[in-house]
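To keep things clear, I will list the structure first and then write my remarks on it.
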Amino acid sequence: MDYFQRAFEQMGLVYTKIYPEGFSLTSGWVARENYTTAREMAGLMERIYKGEVVDRNLSEFMLEVLKHNKSRSRLRKGLPLGWEIGHKTGLLRRSCHDVGVVFSPRGDYLISVLTSEVPNYSSAKGFISSVAKLTYKYYKIDADYASADANVKAL
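Using our numbering, read the sequence shown as starting at 417 and increasing by one per residue.
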């Protein structure tokens, strides 16, 4: 685990911590939980997207792998059909997460939603997809506004 902690620190992930007992699949209490933040995971995803973690070819391969994530119940569920997302999900002991890069016709963006102490996984997944949908609507409105503004200027 020390190897991973050093690697995380070298990547600037100062709050991300993993512990052997954090990988226990029991639903009960463990002495130390694994921990990260939405900001650090979004930052890591951004660095992969920009080709800053490994070389460009490996970064593109990593994004292709992330685009083939089978989960359809979180971020992907909140996005319109035809939009791609490369994302990584997490699920363990009352925590449910999804972090990714959305590839939209209006431009790419990062989204990172982490939950904890959720009553059940179904409600957490619903919350994550709602955040994705609200974010999509924000970008759609912004794009529609920009298009309308361009049309006014053309007149």
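Positions of the beta carbon are idealized from the N, C-alpha and C atoms, including for glycine. All of these numbers come straight from a predicted model, not from anything done at the bench.
Rounded to a whole number of angstroms, what is the C-alpha to C-alpha distance between Tyr554 and Leu495?
-> As a working note, residue 554 is residue 138 in the sequence shown. As a working note, residue 495 is residue 79 in the sequence shown. Approximately 12 Å between the Cα atoms of the pair.
What are the start and end residues of the beta strand (DSSP E) that includes Val515?
-> Position 99 of the sequence shown holds residue 515. Counting along the chain, the beta strand (DSSP E) containing Val515 begins and ends at 511-520.
Identity of the residue in Ser487, Ile501, Val534 nearest Tyr552 by Cα = Counting from one through the sequence shown, the residue named residue 552 turns up at place 136. Residue Ile501 is the option with its Cα nearest to Tyr552.
Jot down the residue ranges of each uninterrupted alpha helix (DSSP H) in the segment 458-532, minimum 4 residues, whole runs only, in chain order.
-> 472-483
Please name the residue or residues paired with Tyr451 in a DSSP beta bridge.
-> Walking along the sequence shown from the start, residue 451 turns up at place 35. Bridge partners of Tyr451: Lys433.
So, Val529 versus Tyr465, is the Cβ gap smaller than 8 Å?
-> By 1-based counting over the sequence shown, the position of residue 529 is 113. By 1-based counting over the sequence shown, the position of residue 465 is 49. No. Outside cutoff.
Chain-order list of residues whose beta-carbon lies under 8 Å from that of Lys569 (same chain, five-residue window excluded) | Indexing the sequence shown from 1 puts residue 569 at position 153. Any answer about Lys569 is weak, because its pLDDT of 42 lies below 50 and its placement is not dependable; what the coordinates show is given next. Once the five neighbours on either side are set aside, Lys569 has no close Cβ partner at all.
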